[in-house]
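In order, the protein sequences belong to chains L and S.
First residue of the first sequence: 15, per the working numbering; consecutive thereafter.
First residue of the second sequence: 4, per the working numbering; consecutive thereafter.
From the three backbone atoms N, C-alpha and C, an ideal C-beta is built for every residue, glycine too.
If you're wondering where the values come from, they're calculated on a predicted model, not measured in any experiment.
Written out below as structure tokens is the structure these notes cover.
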Amino acid sequence: MATTTRTSFESLRKGTTARVSSITGNSSETVRLQEMGLTEGTVFRVIKVAPFGDPIEIELRGYRLCLRKKETSNFEVEILD
Amino acid sequence: MVAIVGNPNAGKTTLFNSLTGSHQKVGNYPGVTVEKVAGTLRLPSGVVECIDVPGLYSVSAVSEDERVALEVIQGHCPGLRMPDLFVCVVDATNLERNLYLFSQLAETQTPMVVALTMVDRLTGKNRQIDIAKLSNLLGVEVVPIVGHKERGLSLLREAVARNLEKRKPPVALLARDDVLEAQVSFLRERLARIGADFGRAEVREALVAPTDEFRSFLEEFPEVREAFESAQGVIAGFPTGAPSQEVATRYQWATMVERASVRELSSGRKSRSLTDRIDGFLTHRVFGLIVFVGLMYLVFQSIYTFAQPLMDGMDTGFKWLQGAVGPHLAGIPALQSLVVDGLIAGVGGVMSFLPQILILFFFISVLEGTGYLARAAFLMDRLLGWCGLNGRAFIPLLSSFACAVPGIMSARVMPDSKSRLATILVSPLMSCSARLPVYLLLIGAFIQPRYGAFWAGFSLFAMHLLGLLVAIPIVWFFNRRVLRGSRLPFMLELPPYQWPRWRDVWLAMYFRGKVFVNTAGTIIVAMSIVIWGLSYFPRLSPQQRQQAAAEYVQAHRDANPSVIQKHVAEQQLASSVLGRFGKAIEPAFRPAGFDWRITTSILAAFPARETVVPSLGIIFSLGGDVDQGNGNLRSALNDAAWPDGSPLFTPWTAVGMMVFFALCMQCMATLATVKRETNGWKWPIFMFTYMTALAYLAAILVHQLGLWLG
Numbered sequence: 015m016a017t018t019t020r021t022s023f024e025s026l027r028k029g030t031t032a033r034v035s036s037i038t039g040n041s042s043e044t045v046r047l048q049e050m051g052l053t054e055g056t057v058f059r060v061i062k063v064a065p066f067g068d069p070i071e072i073e074l075r076g077y078r079l080c081l082r083k084k085e086t087s088n089f090e091v092e093i094l095d
Numbered sequence: 004m005v006a007i008v009g010n011p012n013a014g015k016t017t018l019f020n021s022l023t024g025s026h027q028k029v030g031n032y033p034g035v036t037v038e039k040v041a042g043t044l045r046l047p048s049g050v051v052e053c054i055d056v057p058g059l060y061s062v063s064a065v066s067e068d069e070r071v072a073l074e075v076i077q078g079h080c081p082g083l084r085m086p087d088l089f090v091c092v093v094d095a096t097n098l099e100r101n102l103y104l105f106s107q108l109a110e111t112q113t114p115m116v117v118a119l120t121m122v123d124r125l126t127g128k129n130r131q132i133d134i135a136k137l138s139n140l141l142g143v144e145v146v147p148i149v150g151h152k153e154r155g156l157s158l159l160r161e162a163v164a165r166n167l168e169k170r171k172p173p174v175a176l177l178a179r180d181d182v183l184e185a186q187v188s189f190l191r192e193r194l195a196r197i198g199a200d201f202g203r204a205e206v207r208e209a210l211v212a213p214t215d216e217f218r219s220f221l222e223e224f225p226e227v228r229e230a231f232e233s234a235q236g237v238i239a240g241f242p243t244g245a246p247s248q249e250v251a252t253r254y255q256w257a258t259m260v261e262r263a264s265v266r267e268l269s270s271g272r273k274s275r276s277l278t279d280r281i282d283g284f285l286t287h288r289v290f291g292l293i294v295f296v297g298l299m300y301l302v303f304q305s306i307y308t309f310a311q312p313l314m315d316g317m318d319t320g321f322k323w324l325q326g327a328v329g330p331h332l333a334g335i336p337a338l339q340s341l342v343v344d345g346l347i348a349g350v351g352g353v354m355s356f357l358p359q360i361l362i363l364f365f366f367i368s369v370l371e372g373t374g375y376l377a378r379a380a381f382l383m384d385r386l387l388g389w390c391g392l393n394g395r396a397f398i399p400l401l402s403s404f405a406c407a408v409p410g411i412m413s414a415r416v417m418p419d420s421k422s423r424l425a426t427i428l429v430s431p432l433m434s435c436s437a438r439l440p441v442y443l444l445l446i447g448a449f450i451q452p453r454y455g456a457f458w459a460g461f462s463l464f465a466m467h468l469l470g471l472l473v474a475i476p477i478v479w480f481f482n483r484r485v486l487r488g489s490r491l492p493f494m495l496e497l498p499p500y501q502w503p504r505w506r507d508v509w510l511a512m513y514f515r516g517k518v519f520v521n522t523a524g525t526i527i528v529a530m531s532i533v534i535w536g537l538s539y540f541p542r543l544s545p546q547q548r549q550q551a552a553a554e555y556v557q558a559h560r561d562a563n564p565s566v567i568q569k570h571v572a573e574q575q576l577a578s579s580v581l582g583r584f585g586k587a588i589e590p591a592f593r594p595a596g597f598d599w600r601i602t603t604s605i606l607a608a609f610p611a612r613e614t615v616v617p618s619l620g621i622i623f624s625l626g627g628d629v630d631q632g633n634g635n636l637r638s639a640l641n642d643a644a645w646p647d648g649s650p651l652f653t654p655w656t657a658v659g660m661m662v663f664f665a666l667c668m669q670c671m672a673t674l675a676t677v678k679r680e681t682n683g684w685k686w687p688i689f690m691f692t693y694m695t696a697l698a699y700l701a702a703i704l705v706h707q708l709g710l711w712l713g
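Given below as structure tokens:
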């Protein structure tokens with residue numbers, strides 16, 4: 015059986031490709047990140063990590079967005095490679 | 004009226020500038036800190052009003068800026084009509100996310116034209132877009148805008164004119180759940196019974212994600228609230244009601260449209276783009292930070308140093324004007340002083356800020372236009388984020404070390420008004436260049452002679468650091484206690500690098516300069532005249548002047564006319580409203596070790612702190628024409644004593660006075676700018692109160708610490 019590692023944004027490194035596996039909560043922060051395209055099942059790749067560790071830039075739906083890792087605590091991701 | 008709506012960074016403002024040129028009116032939306040930019044749009048069919056709506060990602064408004072944008076779109080904004088047509092700006096390279104907003108706008112029943120921007124960048128990505136197909140899928144006209152060339156713009160103008168004529172609303176795009184729609188109709192009908200007229204989209208929005216405003220509205224009408232709760236209960240049984248489900252459905256549609264209208268030209272090897280290669284260097288953890296520090300140093304030096312010759316030139320010009328106008332009014336001394344010391348000095352004070360403002364906005368527009376500003380925010384976010392600011396606060400804070408006025412104006416680089424306000428409130432704590440003369444005077448008089456050059460340099464550095472250190476806990480506190488409202492996640496896009504559009508750069512400089520002179524300038528001149536009046540009246544009578552001169556000659560056995568004249572000037576200031584007020588508040592400043600001479604010079608410096616050195620000159624009988632390097636003023640301060648003969652200034656008093664100046668809000672120009680930027684007197688009054696209280700307490704603390712340590 016194939017195992018996928020479910021983890022948080024914190025463990026993502028530069029170049030990692032991952033998929034949003036589940037989202038909890040309906041806070042305005044969480045809903046807004048979904049409205050930016052980070053919905054369940056969305057595949058994205060980490061492009062850059064800022065010199066002090068946060069924020070990170072990810073590529074999703076053909077565009078790039080910078081967000082803070084610590085503001086994505088409601089998002090669970092699985093690493094694809 | 005035509006409203007230009009779209010995502011931030013979709014090229015909305017550039018399109019607006021191209022369409023309206025310099026026919027723009029920059030103002031504020033009533034009651035909020037959000038800037039309103041309106042203009043006129045020339046169409047083949049005539050001229051229409053056009054408004055640049057603040058950038059939106061979605062119509063579920065969270066921040067103040069978004070709420071305003073939403074009010075404009077729905078026609079609820081006081082003083083603005085419901086828009087007759089939206090120009091929806093869609094970034095062709097970021098179709099899915101831009102279409103998310105489009106899908107929401109399409110439900111407002113307002114006619115729409117899509118302006119498709121960045122089409123030229125698709126070629127670089129080996130993609131091609133089928134405009135006809137896209138237009139067909141969206142159900143509205145789509146006009147590609149390539150590099151803002153006149154051809155695309157005139158096609159857009161024609162499309163706008165055509166659709167204004169037709170007034171055909173777009174088709175709502177999503178196959179909506181019938182259950183939801185049925186509940187929307189039910190609730191609309193109940194709302195209509197109490198005379199409230201809501202659109203379908205609004206009611207749907209309120210059902211799916213009710214705002215606090217809507218909830219408090221319901222509180223007033225129990226029968227509607229009941230209907231609302233029952234409708235929500237029905238929807239809850241169906242997954243379509245949940246926000247994440249709705250978002251996912253819209254994105255499914257957007258993905259479908261994107262796949263159908265965009266074609267990959269060749270799946271050949273993707274070369275690393277130029278932007279990526281530049282970013283490899285500019286956001287690198289070592290080189291990126293070095294370049295950042297270098298660039299910020301250049302910006303800071305430009306405001307601090309390069310503006311100086313221009314400011315000196317203006318100063319010379321206004322001095323010349325004072326000299327030229329003064330003699331003509333010699334017959335009426337009060338009018339002469341009003342014009343020369345009040346009016347011309349006030350206008351000169353306003354103009355002296357212009358070089359700094361123009362230079363700073365030149366750099367900001369260039370950095371923003373090239374795309375670097377977003378990288379700077381990316382690099383700095385971690386350092387500023389933990390206390391409630393964000394990476395974009397860097398520019399205003401750094402600029403404020405030169406001058407808080409352009410610094411506060413530059414806070415508009417922050418799209419979120421809550422972070423913007425937090426940054427504005429602490430910007431004047433950064434030690435600006437106008438505080439430097441006070442530091443140099445007091446350090447030169449009390450620190451350097453006793454403790455040497457090392458401690459003199461250290462004190463100067465410590466004074467510059469003080470404001471920054473104080474600002475951190477203050478901003479942390481403000482974010483928790485003073486500034487309320489829902490939080491948005493930090494979001495930032497790094498646009499591809501490009502050459503700045505010089506037209507946008509000049510327009511930004513022109514409008515910032517104009518807004519400052521027109522709005523802040525008027526307040527500054529008015530306040531300069533008020534303070535002039537307080538320090539000029541009431542006049543000593545000729546007998547009182549003679550008496551003051553005679554007393555001086557008797558006490559000092561010195562008949563030098565210019566010295567006597569200076570002594571009379573001191574007596575005049577002491578007996579003015581300002582001097583009397585200074586004496587009246589002396590007891591309150593005793594714990595800080597300040598006497599009435601210091602309190603009067605502090606009061607005189609409230610319109611502009613740079614006037615404190617000339618004020619000290621007058622009050623210590625040296626005349627107003629002194630500067631911080633003046634040896635006489637230094638020795639006069641050293642000789643100054645309390646009535647019991649003990650020295651007025653100890654090194655601790657000097658430090659206390661520097662700390663007071665470092666923290667106090669003594670700058671009318673800053674307050675006037677804050678009033679302009681926050682659109683009201685609430686925040687400038689708050690700023691004045693908290694900074695003055697802070698300065699007062701800190702000065703007392705320093706003096707008492709000095710007494711305790713001996």
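Pairwise C-alpha distance: residue j and residue i
i	j	result
Arg78 (chain L)	Gly51 (chain L)	11 Å
Val45 (chain L)	Glu54 (chain L)	12 Å
Ser355 (chain S)	Leu376 (chain S)	27 Å
Ala32 (chain L)	Ser25 (chain L)	11 Å
Pro2 (chain S)	Ser434 (chain S)	Outside the displayed range of chain S (4 to 713) lies residue 2 (chain S), so it cannot be described from this structure.
Thr278 (chain S)	Thr286 (chain S)	11 Å
Leu581 (chain S)	Gly352 (chain S)	20 Å
Leu81 (chain L)	Ile72 (chain L)	8 Å
Pro452 (chain S)	Ser462 (chain S)	13 Å
Gly329 (chain S)	Asp318 (chain S)	16 Å
Phe105 (chain S)	Thr214 (chain S)	21 Å
Val566 (chain S)	Gly620 (chain S)	12 Å
Leu341 (chain S)	Ile532 (chain S)	7 Å
Contact check, residue i vs residue j, beta carbons under 9 Å
i	j	result
Arg253 (chain S)	Gln107 (chain S)	yes
Val122 (chain S)	Glu144 (chain S)	no
Val369 (chain S)	Val508 (chain S)	yes
Gly536 (chain S)	Gly345 (chain S)	yes
Gly29 (chain L)	Arg75 (chain L)	no
Val62 (chain S)	Ala6 (chain S)	no
Met412 (chain S)	Asn393 (chain S)	no
Ala212 (chain S)	Phe201 (chain S)	no
Spatial neighbours of residue i in its chain, beta-carbon cut-off 8 Å, leaving aside the 5 residues before and after
i	result
Arg124 (chain S)	Ala95, Thr96 and Pro499
Thr373 (chain S)	Tyr500, Gln501, Trp502 and Pro503
Opposing strand residues paired with residue i [DSSP bridges]
i	result
Cys667 (chain S)	Cys667 (chain S) is not bridged to any residue.
Val353 (chain S)	Answer is none; Val353 (chain S) lacks a bridge partner.
Glu144 (chain S)	S:Val116
Ser36 (chain L)	L:Glu90
Arg78 (chain L)	L:Glu73
Ala486 (chain S)	Reading off the sequence shown, one finds Leu at residue 486 (chain S), where the question assumed Ala. DSSP output for Leu486 (chain S) lists no bridge partner at all.
Leu88 (chain S)	S:Val5
Gln131 (chain S)	S:Arg266
Gln27 (chain S)	S:Gly42
Cβ-based neighbour list, residue i, same chain, cut-off 6 Å, excluding 5 preceding and 5 following
i	result
Thr17 (chain S)	none
Ile534 (chain S)	Pro610
Arg266 (chain S)	Gln131
Phe364 (chain S)	Ala511, Met512 and Arg515
Ile193 (chain S)	Checking the displayed sequence, the identity of residue 193 (chain S) turns out to be Arg instead of Ile. Taken in chain order, the residues that qualify are Val227 and Ala230.
Pro86 (chain L)	One detail in the question is off: residue 86 (chain L) reads as Thr in this sequence, not Pro. Phe23.
Other residues of its chain near residue i: CB distance less than 7 Å, five sequence neighbours each side excluded
i	result
Pro476 (chain S)	none
Leu491 (chain S)	Val65, Ser66 and Asp419
Asn166 (chain S)	Leu88, Pro114, Val116 and Glu144
Is there contact between the stretch 558–569 of chain S and the stretch 594–605 of chain S, where contact requires at least three CB pairs shorter than 8 Å? Segments in contact, no.
Inter-stretch contact at 8 Å, needing at least 3 Cβ pairs: the stretch 582–589 of chain S / the stretch 561–572 of chain S: Result no; under three Cβ-Cβ pairs closer than 8 Å.
Does the stretch 426–441 of chain S touch the stretch 399–407 of chain S, meaning 3 or more C-beta pairs lie closer than 8 Å? The stretch 399–407 of chain S is in contact with the stretch 426–441 of chain S.
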